[in-house]
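Protein chains in written order, with my numbering: chain X, 4 to 267; chain B, 4 to 267. Glycine is no exception: its CB is placed at the ideal position from the N, C-alpha and C atoms.
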C-alpha cells in the first residue's frame, strides 16, 4: 500500500555553508507548481534585467534533470574547479551561472540521477561554487513540490519566492499547493507572475486568451499575495530564447519587476 | 563535489506483479522531457477517444507530485480498498482511473513524498489496483527523465511510448534525452505528438506560431520516429479541461491517433 505519511520537512541537522568568498545579498527562488509555464525564461529575464540595472547577478539552475539555462544563455562549456571550489560560467553580460548541463560530457545525455544525488546537486551549486559578491541570486527551482523544492527551502537562505503561473486552471490548482508549502516552510512570498496571460494577433490586433481567462488576480486575492505582472505569449521572446539570445530581450515589464524585487 | 556516476538503470531483482484479475492488453506510456507541453491533456484525450471507440481503457496518473487527472475528469472521491486490492475511480464514460489526489484528504494539500515513496506509488498503482480486463492502459508519466520514469521503464510491461513535445526548442532538446533514455531501456517508441503547434485567430484566420516554428518534423526525421500528429492550441479544449469536462471533447485528430495506436 501507498504510505501517505509526510516526512518532517523542517528537520535539518546540517545547515550547508557557502564558500568564504561568497556573499549573496538577496536570493530569490522562482517556483511553479508544474513545468511549462515559462518559469526558466522568467528566471532568465529577471536575471538579465537585474544585471542590466547594475546588480551583479547569479543564477542557479535548480532543474537538474531538465536544465535549460545553458541553452537560454548559449553557454556550453564544462565547469572548472579545484580544491578551492568551482568557477561558475559567465554569460555575455556577466551573469554568473551554474547548470547541470555543464556536468555532462554530451548535452543530450539524460541525467539519470536518483533523488539524493539530485538534491545534493542543488546544495552543492550553492556551497561549492565560488560566487563571490552577488547583489542577487536567482534560483530557478525545478517544477513541483518534490524533493528538491523541499531541500532548497530547508537548506538555502532564501530571501523570498516568486511564483510563476499560467492561466491554465490545472496549473493554478498546483500553484495553490506551492503557496501552502511555502507557508509551511515559513518562506516569504514576494508575489505571483502570470505568464502566457494573453496573445495579440499582429494582423487584426485581437487579444486572445489561448489558455483560458486570467486566474492571476483570483489567485492573488485568494492567497493575499501581490500580482507582480501579467505577461503575454511573445513569439519574439520565444525566438530569442530558442537562439540562446535571451540577454538581448529588453522588456519594461521586467525592468519594473526588478525595481520592485530589489526594493522589497 | 557532485557525483556524476549514473546508477545501473537495468538492475531489477523483483519484477512487480499485478493482481490476478488484472489483464492489460496494451500499456502506453505518455512521456515528455519537460512539463507544460500538455502531456496530461493529451493522455486524457487518448483515453477518452479509445473508450469512445469501444476499448475498455484505464489511466494511471504517474505524476504523483503534480496530479491533474482528477481535475480533468472531475473525479474527486478517495480510493477505496481492502485486502483484496484497491478499486480504481470510474469516469463518466467508464474509464478506470487512479491518481495520487485520491490519496490525500484535501486536494490542495501538497504531496511531499520523498523519492522512494513516489517511485513506489506508481508501481503500487499498477500492482495493487484491481484493473480487471483493459484493452488499453494509458500511463501518464511525470515530466522528465527522473526516478519515476526510470522505475516505470524498468518495472512495468510497457508496450510502447508516445512522446509529447511542443515547438519550443528547449523542449525539443529535452525530448531528445527522452528518446535516448527509451533506447537505452529498450522500450519501443510509437511516435511523437507535437502539441501547441499553431494557433488560428478566429477573427482574421491568420495562423500563428506562438511558440516558434514546428520542430516535430525535424525531430521525427532526426530520430527516425513517426510524427503522429501536430495539434493546435485550442482554447475550447482548454476550457473543457478546466471544467473537468474533458470527456466531451471530440477530435478527429485523436480518433485517428487511437486507430493508429491500437493497430500498431
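Find the residues of chain X that neighbour residue i, judging by a C-beta separation of less than 8 Å, and give them in chain order.
| i | result |
| --- | --- |
| residue 79/B | Chain X residues near residue 79/B: none, gap ~12 Å exceeds 8 Å. |
| residue 241/B | 171, 213, 214 and 215 |
| residue 202/B | 202, 211 and 213 |
| residue 206/B | 204, 207 and 209 |
Note down, in chain order, every chain B residue with its Cβ under 7 Å from the Cβ of residue i.
| i | result |
| --- | --- |
| residue 86/X | Here the premise fails: no neighbours, minimum Cβ distance about 10 Å. |
Taking a contact to mean a Cβ-Cβ separation below 9 Å, would you say residue i touches residue j in this structure?
| i | j | result |
| --- | --- | --- |
| residue 42/X | residue 167/X | yes |
| residue 29/B | residue 264/B | yes |
| residue 195/X | residue 165/X | yes |
| residue 53/B | residue 249/B | no |
| residue 204/X | residue 206/B | yes |
| residue 242/B | residue 39/X | no |
| residue 103/X | residue 81/X | no |
| residue 62/B | residue 155/B | no |
| residue 257/B | residue 211/X | no |
| residue 135/X | residue 51/X | no |
| residue 254/B | residue 240/B | yes |
Using CA coordinates, which residue listed in the options is at the minimum distance from residue i?
| i | options | result |
| --- | --- | --- |
| residue 247/X | 20/X, 76/X and 95/X | 76/X |
| residue 33/B | 143/B, 183/B and 123/B | 143/B |
| residue 224/B | 182/B, 74/B and 81/B | 182/B |
| residue 106/X | 206/X, 127/X and 136/X | 127/X |
| residue 22/X | 217/X, 90/X and 228/X | 90/X |
| residue 192/X | 31/X, 240/X, 25/X and 24/X | 31/X |
| residue 228/X | 209/X, 251/X, 197/X and 61/X | 197/X |
| residue 180/B | 217/B, 135/B, 86/B and 226/B | 226/B |
| residue 159/X | 122/X, 136/X, 36/X and 138/X | 122/X |
| residue 94/B | 68/B, 67/B, 59/B and 87/B | 59/B |
| residue 219/B | 240/B, 187/B, 96/B and 199/B | 199/B |
| residue 19/X | 157/X, 190/X, 212/X and 163/X | 157/X |
| residue 261/X | 27/X, 25/X, 56/X and 44/X | 56/X |
| residue 78/B | 84/B, 92/B and 88/B | 92/B |
| residue 270/X | 137/X, 44/X and 83/X | The question about residue 270/X has no answer here: the residues shown for chain X are numbered 4 through 267. |
| residue 169/B | 259/B, 85/B and 230/B | 230/B |
| residue 237/X | 45/X, 130/X and 101/X | 45/X |
| residue 83/X | 101/X, 139/X and 66/X | 101/X |
| residue 252/X | 96/X, 68/X, 85/X and 86/X | 96/X |
| residue 213/X | 235/B, 187/B and 72/B | 235/B |
| residue 120/B | 68/B, 209/B and 187/B | 68/B |
Name, please, each residue of chain B whose Cβ falls closer than 8 Å to the Cβ of residue i.
| i | result |
| --- | --- |
| residue 40/X | 39 |
| residue 36/X | 69 |
Which bits of chain X does residue i rub up against, with CB to CB less than 7 Å?
| i | result |
| --- | --- |
| residue 160/B | Per Cβ cutoff of 7 Å: no residues; residue 160/B is ~21 Å from chain X at best. |
| residue 91/B | Under the 7 Å cutoff, chain X gives no residues; its nearest Cβ is about 14 Å from residue 91/B. |
Taking residue i as part of the alpha helix (DSSP H), name the residues at either end of that continuous run.
| i | result |
| --- | --- |
| residue 45/B | 42-55 |
| residue 240/X | 238-245 |
| residue 263/B | 255-266 |
| residue 73/B | 72-75 |
Between residue i and the ligand PLP, is the CB less than 8 Å from at least one heavy atom?
| i | result |
| --- | --- |
| residue 185/X | Looking for the ligand PLP in the displayed structure turns up nothing, as the structure carries no ligands at all. |
Could you give the residue range of the beta strand (DSSP E) that holds residue i?
| i | result |
| --- | --- |
| residue 220/B | Element bounds for residue 220/B: not the beta strand (DSSP E) but the alpha helix (DSSP H), 219-226. |
| residue 38/X | Unbroken run through residue 38/X: none, as it is neither H nor E. |
| residue 140/X | 136-143 |
| residue 231/B | 230-233 |
| residue 193/X | 192-197 |
| residue 168/X | 163-168 |
| residue 100/X | 99-101 |
| residue 66/B | Looking at the DSSP string, residue 66/B is not in any beta strand (DSSP E), and its letter there is neither H nor E. |
| residue 83/B | 83-85 |
| residue 215/B | Element bounds for residue 215/B: n/a, residue is neither H nor E. |
| residue 89/B | 88-90 |
Counting C-beta neighbours from all protein chains within 10 Å, is the total for residue i 16 or more, i.e. buried, or is it exposed?
| i | result |
| --- | --- |
| residue 74/X | buried |
| residue 221/X | exposed |
| residue 132/B | buried |
| residue 171/B | buried |
| residue 266/B | exposed |
| residue 36/X | buried |
| residue 4/X | Low confidence applies to residue 4/X: its pLDDT is 46, below 50, so where it sits in the model is not reliable, and the reading given next is rough at best. Its Cβ having fewer than 16 others within 10 Å, residue 4/X is exposed. |
| residue 153/B | buried |
| residue 244/B | buried |
| residue 259/X | exposed |
| residue 85/B | exposed |
List, in chain order, every chain B residue whose beta-carbon is nearer than 9 Å to that of residue i.
| i | result |
| --- | --- |
| residue 238/X | 211, 212, 213, 214 and 215 |
Within 9 Å (strictly less), CB to CB, does residue i reach chain C?
| i | result |
| --- | --- |
| residue 235/B | Among the protein chains of the structure shown, namely X and B, there is no chain C. |
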